[in-house]
Ligand code: SF4
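See the structure below:
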């Protein structure tokens, strides 16, 4: 019973941590954080970069858009 409760508590904590990271990302990157065209790149030193993959084929998009992005015609919801 206690082990079960501890596991549930651990799951809750990891979900809370994930939710916290997601909201930090949304604050930092704006729309890019939830866009299917972004690739979140984390350097070995812990810096995070937001790479717009639309920029590969479309010059209207910056490879590394200035963040936070608040409006973007290319935004599409990420399914992951
Ligand atoms: S399409 Fe727009 S919202 Fe999506 S990653 Fe590129 S700049 Fe960010």
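In my numbering, the protein residues as written are 63 to 142.
Where is the CB? At the ideal position from N, CA and C, for every residue including glycine.
Measuring straight from C-alpha to C-alpha, what distance separates residue 89 and residue 130?
By one-based count along the chain shown, residue 89 stands at place 27. By one-based count along the chain shown, residue 130 stands at place 68. When rounded, the distance between both Cα atoms is 7 Å.
Apart from the five residues just before and just after residue 97, which ones in its own chain have a Cβ nearer than 7 Å to its Cβ?
Start at 1 with the first residue of the chain shown, and residue 97 comes out as number 35. Hits under 7 Å: 137, 138, 140.
DSSP three-state label for residue 141, please.
In the chain shown, counting from the first residue as 1, residue 141 sits at position 79. Three-state DSSP puts residue 141 in coil, outside helix and strand.
Tell me which residues pass a beta-carbon proximity test against the ligand NAP: closer than 6 Å to any heavy atom, given in chain order.
This structure simply doesn't include the ligand NAP; it includes the ligand SF4 instead.
Which whole-angstrom value is the C-beta distance of residue 92 and residue 132, which I expect to be below 8 Å?
Position 30 of the chain shown, counting from 1, holds the residue named residue 92. Position 70 of the chain shown, counting from 1, holds the residue named residue 132. The pair is a contact, with the Cβ atoms about 5 Å apart (cut-off 8 Å).
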